[in-house]
Every structure is written in structure tokens, then in C-alpha cells.
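In what follows, a single structure is set out as C-alpha cells and then discussed.
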Ligand code: GCB
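Residue numbers (this note's numbering): 32 to 660.
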């Protein structure tokens, strides 16, 4: 059973120290822990539960001097400062010189950067506060669910700290049961977007470090024992054949005694089965579903799957929409439901088209998926971190396959066990949230990491951890550790041994060599399926010129054309995702008039204008002219 670790108010000195003590990495030689790694309580399928939304306007205070309000001089969390939500008192102590009630507001969900110019480049602490009415019901528990907050969060309800969380792109739940009271309550959340050398990602990133409560916040009330996790998937043994339509998995009831009854129903597939939990609160199952229609991009069939436990006022039930399909690697092929597939797609950051800011609503998602469909894509690499859950929901509905990745980007502190522990936690949170999404076909554990033994051991362990957590999906990573000399190119990277599918990032024609030089490059690569996970060139939309003129739309097409020629010669190429669907904000991109704070490798500009490159890729995908589909 998963042990909640962050439900005790006022953890001292902080959750992060606790993580370092208890969450040691698996498989790192002498540091291998005996105990299982705990994960903070995390409810699955929250968007299919009845919740009380706390989205809307939250008061905020910018903590310009974080060491005074959020941290004590020793670096511990200060529980007696703004979290008290007291009101200004002219003769009171200094730490009461703040007032949420008259403070301005920010919209939640939403990054703070795009809501007020003063915070556009701000990467520190912002305190959020809101009041809410609540009537606790006997025999229930209530959790505060936070879809994501970048990067570290500390949460107080009615002055009691109920949890801390590190990681900017995955959800977490804080139990508030014992601190809520009838009538008016308040919540204060300090969100710290400060980059940390030992964070994931670390300090260097090529995107805007959007801070804040970037995804939905809600209150979830459940019975004493409730469904916190489930996994319903097509049985995936080595002997699986297209005719095999067995469903298997588990439903987990948190804090249920062994033998607790659980029901699984999929009416459209004729399934209704009664189960019982084991000593860990898990009700495992395997059922036959002969008439099942398998999920695929051509037929993204989803079934209503209803899980329930308990009776009367202790009844807990969730109805999720789940598709069933088999994804596996066979030699150098990727098979979907037993048939080889070719992935035509694009990379996407979670940046909202046109309005800018973090993607956090259905409209943003619909616009991005509209672009992908228009591109003739069947695949998207959600770079470089888990996106809003709406993205995977839309992918499930629209039949777009997904590469999902934790934010382990380039240089991180690979030598530190506590950083490994953070990576495992992020991996667990990502897999737990999205393992029931048929569209997600690949878990990626990293992007462009330096090739050295410490990193290779770290990532190999992480890939194995991912495989243990989810044996039904291939594991991948984007590698850029290739060696190009003249016309020969290799990938001398031992980490490739740990992967099922290799992602290859290379920018021949943009960062190295001329566009034409790509034509004669011959790659020798591991005998595994390969996805060209990044390639491309920059162009400012509307900037025209000759094909050898950098930053023009014409040159972007020219580079892509030659990269496609090169990639198509790789026999094991099974997909391509040019970098990137849209131009995106990156404060490190500072060429005036051309970049102005944007990475311009998009096929579409940030304000939604399609570049020539978009139409070039669109046609290539329509004609299936790249690789060997
Ligand atoms: C990469 C990174 C990506 C960058 C891109 C670029 O290799 O993975 O995050 O934005 O290159 O444009 O340089």
C-alpha cells in the first residue's frame, strides 16, 4: 500500500529532507533502499469525480524577500508567517504586515507570468489565498487536489500546513479532513518557482519558467476508504495476439481492510464483476472481453468503466472513459494492436496558442489538437514534462498517440541520491495519473542528457523503474549524444541499451553542418525502433528570402527537407516529431527582431500563423513520404 507521507501538519524541517531520508534510489549500488518508496497520496481520475472547484480568483502577495516570509533563517518552512492569514495590526509584530483581503487577485488555474506584467519574469515565491465555505460530513475525508504548481508548494488550510510538494508538472493531494470546519475556511499556498540546481529540471532550461498554480485546484470529498488508484488495461503478456481480449489490472482502495468488496463494470463490453481487496487494499482482476473494439487512431474507441466500493454514505464510485489497445516493440518495429505503426507528429510545449501562458483549459487544448490534425499527425511528443491532463484526454478522444516525459532535461545533479528520488517520484506521479490513457504509448525518462557513467547508471535505473511501474508500455528517451564525422554518424551511448525505443535529437543543417550536408550522412544506430524526436530550424514567421538565408521561412523548409532525406535512410526509423509545433517563449532566445524571447523553430508562430514549414510537413505526412511507413 502507498503510504501518505505529507499529511502531518508542520513537517519539520521539511518534506524535502524527509524525501532525502526515506526515498532513496533503487539500484544505485550501496544506496539501494530496503523500504518501498512512498508517494504522497494521489487520487486518480479526479477529472471524472464530483469535486468542489476552487478555481477562480485567489488573492496573492509577492514574497520579494522569501527568506523572511516563507523560510526561517535555517531554511525550514516558516509556519507562522503569511499562512496565518491575519489582518494588519498597526501595533502588531512585523510578520503581520500583510493583508490578503485587500491584495489583488490572480486567476487559478493560471501561470502568474502572463496575468500581470510585474510578474512576467518573476521566479520567486508567490503566496495565494482564498476563502471557501465548507460543511464537513461525518464519515468522510476531504482532500485538496492541486493539478500542478510550479515548482515547490507549501499548503496550509486554516493555518495548519497540510502538505508540501516538489515538482511543477504533476498533481498532488493534501488531506484536509482534520483541519476543515463548518462555515468559512481558508487556504494559503506558497508557490516557489525558484530554479534549483538539484531540481528537476535544474537551472538551465529552454522555456519560460511559468510559475504559480498552473492547473485546476479542487476539494474532493470521499468516504473513509475510497478509490485512490486503478489500472484497467488490455492484458499484455509476451504471447499476446490480436485476438486476445482479456482485461486486467487492479483497483486500489485506500485504507480499506482486506476483503473489502469492489465492483468493476464496463456495460458496453458486457463486464460486471465483483472483486475483493487484498491486504494492501488492492483488488486485482482479469476478465474476458471478447467483443472489445480496440483503441487506435482510426477508431479511438473509449468505454465507460465504472468502479465502485462501499455502500450507503460510504459508497465511492468513479466512471472513467478508457480505451484498450496493445503497444509493444518487436525487433525494430513498434506494433499497435499487433500491426506496425509509423508515428507522424510534432513536439509541443504546454504553451497556450495565441494568448500565451500555460495551457490550462479546453480551448487551448482544442486549438493545439486542431493544429495537429491539420498537420495529418497521429502522434505528439508532449515535451518536456507532463502536460495538463486535458491533453491526454483529448488525445484519447481524437486518436492521437502520445509520448509523455518527465522534466529531466539536459544537465541535472545525476550524482545525488536525493535527485534520483525526485525523478522516481515524478515518474510515479506521471504514470499514476495517465496509465489509463490509451493514447499514451511511450514513457520518456529524459531529454538530452550528457553521456557519462554516472548519468547512464542513474537513467538506466530510472528506465528500469518505469518498466516495473508499467510493464505495458515501451520506455524511451531523447538522446543527442551522437557522433557525426564526415558522412558517418553513430550514437555511442550505453544508455540506449536500457531503452525500448530510441529518441534521436539532432539539428544537422541548423546547429551543425549545412542543410545539404545532411543528404550524405549515413547513420549506424542500435537495432531498436527509432523516433526522430527533434530536428528542425528557426524561422521568423513572415521573414522571407533565399533557402540559404537563416531565419527565413524558406530556409526552415530547406533544412527540414534535407533532414527528412537523411532520416528516411535510417531503416529503423519509426516516427518523427519536428521541433516544434509552435514558437514558444524562452528568455534565453534574445536575437532582437528575430527571436525577441521566443524559440522560433515552430511550424506555427506563437500567434497562430502557419509558416511554410507547416505546409511542407503537412504534405510529407499526407504523402507518407518520410521514413518507411
Ligand atoms: C533541444 C532541446 C529543446 C530545445 C531545442 C532547441 O535539443 O531538447 O528543449 O528547445 O533543442 O531549440 O535548441
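Don't be surprised by glycine CBs; every beta carbon is placed ideally from N, CA and C.
None of the values given here were measured: they were computed from a predicted structure.
A check of alpha carbon separations from residue 197 across 288, 486 and 221 identifies 221 as the nearest. Comparing alpha carbon positions, the residue from 523, 507 and 505 closest to residue 513 is 523. Of the candidates 396, 407 and 414, the residue whose Cα lies closest to the Cα of residue 426 is 396. Per DSSP, the beta-bridge partners of residue 316 are 280. The beta carbon of residue 74 sits closer than 7 Å to the beta carbons of 174, 176, 204, 251 and 259 from its chain, once the five residues preceding and following it are set aside; these are given in chain order.
Remark: C-beta atoms of residue 438 and residue 415 approach each other more closely than 8 Å.
Taking every protein chain shown into account, the CB of residue 525 has fewer than 16 other CB atoms within 10 angstroms, so this residue is exposed.
The continuous stretches of alpha helix (DSSP H) do not include residue 621, and DSSP gives it neither H nor E. Residue side-chain check: residue 436 keeps its Cβ at 7 Å or more from all non-hydrogen atoms of ligand 1.
Annotation for residue 479 indicates a beta carbon within 7 Å of some heavy atom of ligand 1. Around the C-beta of residue 113, 16 or more other C-beta atoms lie within 10 Å, and the residue is accordingly described as buried. For the alpha helix (DSSP H) assignment, the uninterrupted runs of no fewer than 4 residues enclosed by the stretch 467-541 are, from N- to C-terminal side, 484-500. DSSP places residue 404 inside the alpha helix (DSSP H), whose first and last residues are 393-405. Ranking 158, 583 and 142 by CA distance to the CA of residue 626 puts 583 first.
Rounded to whole angstroms, the Cβ separation of residue 631 and residue 614 is 5 Å, and the two are in contact under 8 Å. Within 10 angstroms of the beta-carbon of residue 516 lie fewer than 16 other beta-carbons, which makes it exposed.
Using a Cβ distance threshold of 8 Å, residue 223 and residue 85 do not count as a contacting pair. Note that the stretch 355-369 does not touch the stretch 306-313; fewer than 3 beta-carbon pairs, one per stretch, sit closer than 8 Å. Residue 142 and residue 160 have their C-alpha atoms some 15 Å from each other. Within the same chain, and ignoring the five residues on either side of residue 604 in sequence, the residues whose Cβ sits closer than 6 Å to its Cβ are 561, 598 and 658.
A distance below 8 Å separates the beta carbons of residue 406 and residue 649. Residues of the same chain with a CB within less than 6 Å of the CB of residue 571, apart from the 5 flanking positions on each side, are 582, 625 and 631 in chain order. Residue state for residue 113 is assigned as helix, using DSSP reduced to three classes. By a beta-carbon distance limit of 8 Å, residue 354 contacts residue 333. Their separation comes to about 5 Å. Boundaries of the alpha helix (DSSP H) around residue 460: 448-465. When secondary structure is reduced to three states using DSSP, residue 200 falls in the coil class, being assigned neither helix nor strand. Judged by beta-carbon spacing, residue 249 lies within the 8 Å limit of residue 83, meaning their Cβ atoms are closer than that value. Using a 10 angstroms sphere on the CB of residue 166, the tally of other CB atoms stays under 16, which defines it as exposed. Per DSSP, the continuous alpha helix (DSSP H) segment holding residue 596 begins and ends at 584-599. Inclusion of residue 534 and residue 500 in the CB contact set at 8 Å is not warranted, their separation being larger than that value. Residue nearest to residue 117 within the set 639, 129 and 103 is 129 (criterion: CA-CA distance). Ranking 380, 473 and 623 by CA distance to the CA of residue 610 puts 380 first. Distance from the C-beta of residue 442 to the nearest heavy atom of ligand 1 is not below 7 Å. Placement of the Cβ of residue 94 at a distance of 7 Å or more from every heavy atom of ligand 1 is found.
Taking a C-beta distance under 8 Å as the contact criterion, residue 410 and residue 431 qualify as a contact pair. Setting aside the 5 residues that flank it on each side, residue 521 is surrounded in the same chain by 513, 514 and 555, each with a C-beta closer than 7 Å to its C-beta; the list follows chain order.
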